[in-house]
Structures are given as structure tokens and as C-alpha cells.
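Residue numbers (my numbering): -16 to 156.
See below:
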């Protein structure tokens, strides 16, 4: 029996409403993940002995309890996993150096393709990370097709992990 005075359906509705008030785009992502449903495999019983049983996949809706788990997974991805990936990528790129041809021997560097004609700069310095949201073949205005990825403070990620743990406790049925 549940320790809560509310049902999984009420918890899901409240969660979606609260998230929607703060971030409608995130609420829409949660709704899309829930609406995707789950695939199940069913076997059709043959009508005659000569027919073989057929197995097929079918999409069914999540139960309210399962939908709540999916919603928590989306929140975990958004608030914890994505910032961890961004921080990891930022740390990796910070260690990378940028090779710039020496100004006096630029022509020699082009001709010889030698690594001795490069000046390495930027090792250990933070880099600006951007993700292109559209393919090269799509035409759009400048800067509208990129997303800047800023590192997130470790303390904020830990705070979000604690918030998610509390939310999981409130929604465990």
C-alpha cells in the first residue's frame, strides 16, 4: 500500500502542471516522452492448426505509475545528465590546444604541412562550445541555428540530484 494520500495519476498531473508553469518547453518534452508509449510483443493465436502463430509489436500507453517514472527520467536527463555531459566536454576541450601557423613561416607551413611550423595555443583554457542545430544544407539566419553550451557548477548539479531524490521519494508508489 502507498504511503501517500494521492494517486500516481494525481502526482503526474501535479508534476506536469508545476513543470509547465516554470518551463513549458520542458513540460512538452515530458509529455512527448509519455505519449510515445511502450512497445509490447503479442502473439496471435491461430484459428486453424495449419496456421502458424503470428507475433507482432504493438504500442500501448504507459500506466500512470510508469508515466511518472518516464517523467522523472526526462527530468534526470535534463537537470543532471545533460549538465554532466556538458561539463565533461568542456573539460576535454579545455585541454585541447589550437594549432596556429607561425606568421613568418606561413607559406612554408602551407607547403610542407609540417607540425614544426605551428604555434600551439589555448591548452588548459576554456573554450566556447556550440552545437549546430540545423544541417549545413538548411538555410537560416546567422546565430539562429547554434546553441551555446555553458558549463554548470558542480554544486548546482548536486543540488538538482538532491531535488530529484526528494521527488522520487514523493512519487514512489
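No residue lacks a Cβ here, since even glycine has one placed at the ideal position from N, Cα and C.
Item: Boundaries of the alpha helix (DSSP H) in which residue 23 is found, first to last residue; Value: Careful: residue 23 lies outside any alpha helix (DSSP H), inside the beta strand (DSSP E) at 21 to 27.
Item: Cβ pair residue 109, residue 70 closer than 8 Å; Value: no
Item: Length-filtered (4 minimum) alpha helix (DSSP H) runs lying within the segment 23 to 76; Value: 47 to 59
Item: Reduced DSSP secondary structure (H/G/I, E/B, other) of residue -13; Value: coil
Item: As assigned by DSSP and simplified to three states, the class of residue -1; Value: helix
Item: With 16 other Cβ atoms within 10 Å as the buried cut-off, status of residue 51; Value: buried
Item: Per-residue burial, residue 158 [other beta carbons within 10 Å of its own, 16 or more giving buried]; Value: Outside the displayed span of the chain (-16 to 156) sits residue 158, for which this structure offers no information.
Item: Contact belief for residue 14 with residue 25 at Cβ below 8 Å, rounded distance in angstroms; Value: The Cβ separation is near 26 Å, so there is no contact.
Item: Alpha-carbon spacing of residue 80 relative to residue 11, whole angstroms; Value: 40 Å
Item: Helix, strand or coil at residue -7 according to DSSP, with G and I counted as helix; Value: helix
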